[in-house]
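Peer 1: Residue numbers (the numbering used here): 280 to 603. C-beta: ideal position from N, C-alpha, C; glycine also.
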Amino acid sequence: MSVDTTTESAPAPKKGTNILLGLTLLGLLLFLWLLLGVSTNAFWTPNNISNLLRQGAMTAILAVGQTFVIITAGIDLSVGAIVGFTSVIVAWLLQAGVPLWLSIILTLLIGVAIGAFHGFGIVRMGLPPFIITLATLTSLRGIGLLITNGATISISHEGFTNFSRADFLGVPSLFWMVILVAIPAFVFLHLSRWGRYLFAVGSNKEAARLSGVNVDRTIYLAYILSATCAAFVGLLLASRIGIGNATQAEGWELQAIASSVIGGTSLFGAVGSVHGPLLGAFILATINNGANLLNINSFWQRIITGLLIIVIVYFDQLRRRGSR
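(1) Check whether the Cβ of G359 sits closer than 7 Å to any heavy atom of the ligand MG, and report yes or no.
(2) Indicate the three-state DSSP secondary structure (helix, strand or coil) for F478 in the structure shown.
(3) Using 8 Å as the cut-off, can you tell me whether the segment 516 to 529 makes contact with the segment 363 to 379, which would need three or more C-beta pairs spanning the two stretches below that distance?
(4) In the structure shown, what three-state DSSP assignment does V492 receive?
(5) Can you look up F547 in the DSSP assignment and give me helix, strand or coil?
(6) Whose C-alpha, out of S329, Q334 and F347, is nearest the C-alpha of S552?
(7) Using the DSSP secondary-structure output, state which residues sit across from I522 in a beta bridge.
(8) Take the Cβ of E485 as the centre, count every other Cβ of all protein chains shown within 10 Å, and call the residue buried at 16 or more, exposed below.
(9) List the residues that DSSP assigns as beta-bridge partners of V457.
(10) Can you name the start and end residues of the alpha helix (DSSP H) that M337 belongs to?
(11) Looking at the structure shown, is P451 part of a helix, part of a strand, or coil, going by DSSP?
(12) Between the Cα of F396 and the Cα atoms of I384, L381, L470 and T412, which residue gives the shortest distance?
(13) Relative to the C-alpha of T258, which candidate in L533, L573 and F594 has its C-alpha closest?
(14) Assuming contact is defined by CB atoms lying nearer than 8 Å, are S318 and L573 in contact in what I supplied?
(15) Taking its Cβ as the centre, do 16 or more other Cβ atoms sit within 10 Å of N320, making it buried, or is it exposed?
(16) According to the neighbour-count rule (16 or more other Cβ atoms, all chains shown, within 10 Å of its Cβ), is I384 buried or exposed?
(17) Would you mind giving the Cβ-Cβ distance between A258 and G353, rounded to the nearest angstrom? I have them listed as a contact below 8 Å.
(18) With DSSP run on the structure shown, which of helix, strand or coil describes D595?
(19) Report the rounded CA-to-CA distance for I520 versus T440, giving the unit in angstroms.
(20) Would you check if the distance between the CB atom of A537 and the CB atom of L563 is smaller than 8 Å?
(21) Taking the alpha helix (DSSP H) that T386 belongs to, which residues open and close that run?
(22) What's the C-alpha gap between V460 and T386?
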């Protein structure tokens, strides 16, 4: 007779720590906004704020999906390639006359299938997450280029392309999509047993298995959620730029990982939240936006991002050593 001890073995991160981190990140974001507001007259203009929210929105959604995977002590390097590939798929479907609603559903299902493939590679084939997702990254770029013959596919569906340019209650529609993703993601990660399972797997797979957690199913779920978020971003990107292009979103996987890590997600697993990566994404978007407004060399943007990651991972290591 087995006893389900999942609740004891897989506690969620302390609420006090999450709240403190969230307030710290929010304070940093507000400080950057105030600093840029003083440094340049263009920052607080409605057009710039709208652009900033649009720029950060897609990275934020990718970061949420990436966080599910990192909490299990995994990694998903394919999300940028999935974004580019699914932008090609939805453009191709719309060009072929497939109804918009069906094109969206089929594109999202492709994301689900890619995530399931990653889970299969990790669970059944025993491949490291780094290898299977890296292989998908290169393969999807190639498949997308084969489908388009190295060109782009224009999207003529005005209802689809107008969505990303529209506002609702004065807020860009792309930012509303962040909220649409963040609320169920928060409920899933912090208020459901499946969220506790993710933390349990990231903490100790064998202990989680002995506690009654279906580790294989949990890994499948994490990678499916990550790939589905990436497919959703592919739809949003296609809507925003009006084309499908397999080379789009190059390097976005690193932005997603960086946003998640800056938001407090531990690369060692078992530590993470939903609000942290969202704030991390908009901190990066603010840095990039401010650098452009101040005419700072774009190379400095990457240097600042890299330094932030080093500092945060270093303090995460100190925290882990102190908790032993």
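Peer 2: Here's the rundown:
(1) The ligand MG is not part of the structure shown, which contains no ligands of any sort.
(2) Helix.
(3) Yes, the segment 516 to 529 touches the segment 363 to 379.
(4) Residue state, collapsed to three classes: coil.
(5) Of the three classes helix, strand and coil, the one that applies to F547 here is coil, per DSSP.
(6) In this structure, F347 is the residue among S329, Q334 and F347 with its C-alpha nearest to the C-alpha of S552.
(7) Under DSSP, I522 takes part in a beta bridge, and its partners are S433.
(8) Using a 10 angstroms sphere on the CB of E485, the tally of other CB atoms stays under 16, which defines it as exposed.
(9) Answer by DSSP bridge pairing: none, since V457 is not bridged.
(10) M337 -> alpha helix (DSSP H) spans P325 to I350.
(11) Strand.
(12) Looking at the Cα atoms, T412 is the closest of the given residues.
(13) Residue 258 falls outside the range modelled here, since the chain spans only 280 to 603, and no answer is possible.
(14) Going by C-beta atoms, S318 is nearer than 8 Å to L573.
(15) Counting other Cβ atoms within 10 Å of its Cβ, N320 stays below 16 and is therefore classed as exposed.
(16) Exposed, since its Cβ has fewer than 16 Cβ neighbours within 10 Å.
(17) Any answer about residue 258 is impossible in this case: the structure gives the chain only from 280 up to 603.
(18) Of the three classes helix, strand and coil, the one that applies to D595 here is helix, per DSSP.
(19) The C-alpha of I520 lies about 8 Å from the C-alpha of T440.
(20) Yes, Cβ-Cβ distance for A537 and L563 is below 8 Å.
(21) Per DSSP, the continuous alpha helix (DSSP H) segment holding T386 begins and ends at L379 to V402.
(22) V460 and T386 have their C-alpha atoms roughly 17 Å apart.
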